[in-house]
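All remarks here apply to the structure that follows.
Protein chains: 2
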Amino acid sequence: MRDGSLDPTQRLLRSCRGEPVDRPPVWLMRQAGRYLPEYRAVRGDRPFLELCRDVELAVEISLQPLRLVGTEAVILFSDIFVPVPGMGIDVDFRPGPTVAEPIRSLPQVEALRVPDPRESVPYVFEILRTLRRELAGEAVPLLGFAGAPFTLAAYLVEGRSSGDFGAVKRMLHRAPEVLRALLARLTDLVVGYLAAQIEAGAQAVQLFDTWAGILGSADYRDWVLPVHREIAAKLERAAAPPSRAEAGAEGARGPRTPLILYVKGGSHVLDCMAESGADVISLDWRVDLARAAREVGGRVSLQGNLDPAALAAPPDRIFAWVREMAEAAAPARGHILNLGHGCPPDTPVEGVRAFTDAARALAPERSGTRAVQS
Amino acid sequence: MRDGSLDPTQRLLRSCRGEPVDRPPVWLMRQAGRYLPEYRAVRGDRPFLELCRDVELAVEISLQPLRLVGTEAVILFSDIFVPVPGMGIDVDFRPGPTVAEPIRSLPQVEALRVPDPRESVPYVFEILRTLRRELAGEAVPLLGFAGAPFTLAAYLVEGRSSGDFGAVKRMLHRAPEVLRALLARLTDLVVGYLAAQIEAGAQAVQLFDTWAGILGSADYRDWVLPVHREIAAKLERAAAPPSRAEAGAEGARGPRTPLILYVKGGSHVLDCMAESGADVISLDWRVDLARAAREVGGRVSLQGNLDPAALAAPPDRIFAWVREMAEAAAPARGHILNLGHGCPPDTPVEGVRAFTDAARALAPERSGTRAVQS
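As you go down the protein sequences, you meet chains A and B in turn. For the first sequence, counting from 1, position 177 maps to 187 in our numbering; every step adds exactly one. For the second sequence, counting from 1, position 115 maps to 125 in our numbering; every step adds exactly one.
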């Protein structure tokens, strides 16, 4: 761009990779959702999964936050359970995911298929391709996502959402071979699903291991970290070849599609998150951002981490918090402004707008970013 | 005792105060409960709150874990909501606490009474006095407890249990004066309630701030820490005068009744917990015990912190974990073996028994504890 600032895609991808940028980009987890009157209008009384399957509506909903609240990335409107029924599991939403027959035995796991998601959920990739076309002129980055194996397993074993997901933890202790087999199938599913999203145009992908934070750090290291490492390694190999323009900057091999890893309540497993192979770790609001920047920010970029409830505060406080976050994250190799969890339904729209405005109001860093021409 | 080992009361109280002991004592949060067939038999289909009000049944249930699974402390069988209706709040259990009219305004807060709990819930103190008589011959310590103001407020503002307690966090940002007034009333309630429990024979008291861990560390420091400090300071002044025997060791003033503080998911607020004025901090299973011992164990004793789901593991693994925990906590001034959260209903009884057996199997420490005669 003429003034030497970056376009939104460059800003996001460079932040993921720890390359210099003019200021942190901003988007919000669950930025398309019930807090927006326009979302509620489109949704009407349609069942949630129907929305995810309708290409036209899902595209419209995915784009709403870009137009309405000024986010600087668009994320596929979908749900982590979308690819699961293709495995042969009967999932319903009432309103949380509910599994007709919770998975508790090895034969149940062995009966699960690992479908080619291009065949089982073709609409997901159609949504991504359409979004990529819509966004091409604006250089706004498009994100894909998937639920991580442990989080999916937590629901599948428990049967539904639960305060403590005790069933999956008891399985870990009493039937580890069943959990191991289940995680292996889900890992194959997730790798194929994210690779197909990248192929369909996702420029970065986020892995939501929302419930992995229920594990103590030793169990997390044994059961969750290896799964993340496997996904990161397999995705790197599966990633689509870079475009010529991108390849120019880094030679023939080109940059891989960045992987962002989110864990809720993960302040006790920051080290493991940094060792996962993810390019970015997305922090729960209870993680001290300055500490994370100091301890792991040299190895991975950081995303986050305002308390979603803080968007209920007056705009001037939101502006101050955004400045504080940018400052706290400064020692990290890269930072993406975001919440520490999904945006809740009762969030005031003006709070979300203040959040993205505050990001744009951040002064460009004094590092040599002006040299980075687009 | 003749072999120089301590009786259970001494072992617990000394551990709380950071004085030398032969080995860590053991009890379990929610040790009296549904995992015990004998509890289910006593309860039948009685409503939960009816059990809490029936002195004879509550005494029987409180004593069950002592007889059946070998815990080394008895805790009052009750619920954190027991003293709340006396404030003029209509609370029901279905099965979690549900508040008929969630508290959202200052007039609602100002209408709340702070009752003398001896009058509003006399049965609580009758249960404690009866338990103290029952336990006198065995030197088993008796614990009281209360829900902490923030946790009670989280329910009262939300109206019911909730995944994220968004309502209380939004109140913090949009109507801080209402939350401040509510916490002030609840603090008065809790201080009076715990003081009356100490007066009725509780030898240590635990403050459950289960949900305070939903706050980021800055909000926790602003909103939760001052409340804990106020409770600790007021309780110290309110504590009953020591018995002559106890006073002997520490001069005329005598030791105060120890205060134990529990926060679920508190790994990001360990420092604040250590500054709370509590004698013991009770750790969630996700806190690294060795790190806590190193960082705050010089100032406070530690309690915990096995993952409750780990009691589903084979006994030999439970024995190994108990040894590991004792070792990890060794740098702390004191350690009480416990879970990192309440014992879940589907816990195998043999797992609980293995846990307390493992504590008894720990070798006495090599410090000068033999000098500590009972």
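Positions of the beta carbon are idealized from the N, C-alpha and C atoms, including for glycine. Since the model is a prediction, treat every value here as computed from it, not as a measurement.
For the set A/L299, A/R247, A/A242 and A/W295, the Cα lying nearest the Cα of A/L271 is the one of A/A242. For A/S292, the enclosing beta strand (DSSP E) starts and ends at V290 to L293. Neighbours of B/W221 in chain A, taken as residues at a C-beta separation under 8 Å, are lacking, since the least C-beta distance is about 11 Å. Residues of chain B whose Cβ lies closer than 8 Å to the Cβ of A/H278 are, in chain order, S277, R296, V297 and D298. Beta-bridge annotation (DSSP): A/P107 is paired with A/F103. Contact of B/H238 with chain A is not assigned, every C-beta pair being separated by 8 Å or more.
Between B/A222 and B/V150, the C-beta gap is not smaller than 8 Å, which leaves the two residues out of contact. Closest in alpha carbon position to B/S172, among B/V200, B/V188, B/Q216 and B/T220, is B/T220. Short of 7 Å from the beta carbon of A/E48, and not among the five residues preceding or following it, lie these beta carbons of its own chain, in chain order: Q74 and L78.
For B/F155, the pairing in a beta bridge is given by DSSP as B/Q216. If you check each beta-carbon in the segment 331-358 of chain B against every beta-carbon of chain A, the ones closer than 8 Å belong to G350, H351, P354 and D356. Measuring C-alpha to C-alpha distances from B/V290 to each of B/F329, B/R309 and B/L199 identifies B/R309 as the nearest. Counting other Cβ atoms within 10 Å of its Cβ, B/R296 reaches 16 or more and is therefore classed as buried.
Interface residue (Cβ-Cβ distance to chain A less than 8 Å): B/S115 is not classified as such. Listed in chain order, the alpha helix (DSSP H) elements of length 4 or more contained wholly in the segment 45-131 of chain B are 47-53, 58-63, 65-78, 116-120 and 127-130. The contact set of B/K179 on chain A, defined by CB atoms closer than 7 Å, consists of D317 and A319 in chain order. The three-state secondary structure of B/S25, taken from DSSP, is helix.
The C-beta of B/R21 has 16 or more other C-beta atoms within 10 Å across all chains shown, which makes the residue buried. Nothing from the segment 148-159 of chain B brings a Cβ to less than 9 Å from some Cβ of chain A.
Here B/F58 is exposed: its Cβ has fewer than 16 other Cβ atoms, across all protein chains shown, within 10 Å.
Interface criterion met: the Cβ of B/G176 is under 8 Å from a Cβ in chain A. Taking a 10 Å sphere around the C-beta of B/D32, we find 16 or more other C-beta atoms and assign the residue as buried. Contact between B/L38 and B/T81 holds: their C-beta atoms lie close to 6 Å from each other, under 8 Å.
Taken in chain order, the complete beta strand (DSSP E) segments of 3 or more residues contained in the segment 188-244 of chain B are 214-218. Cα atoms of A/A364 and B/P265: separation of roughly 53 Å, rounded to the nearest angstrom. A/A323 and A/L316 have their C-alpha atoms some 12 Å from each other.
Scanning A/L189, A/R24 and A/V279 for the CA closest to the CA of A/I224 turns up A/V279. Bridge pairing for B/H345: B/L312 [DSSP]. About 7 Å separates the beta carbon of A/D356 from that of A/Y45, a gap short enough to meet the 8 Å contact definition.
Within the same chain, G28, G307, G308 and S311 come within 7 Å of A/R343 by CB-CB distance, once the 5 residues on both sides are set aside.
Taking the CA atoms as reference points, A/P354 sits about 29 Å from A/A146. As a beta-bridge residue in DSSP terms, B/V273 pairs with B/L293. Take the alpha-carbon of A/V92 and the one of A/C62: they are about 8 Å apart. Here A/V134 is not bridged, per DSSP, to any residue.
The beta carbon of A/A322 falls within 8 Å of a beta carbon belonging to chain B, placing the residue at that interface.
Sequence-distant partners of B/S292 (beyond 5 residues in either direction) whose C-beta falls short of 6 Å from its own C-beta, in its chain, are I270, Y272, Q313 and G314.
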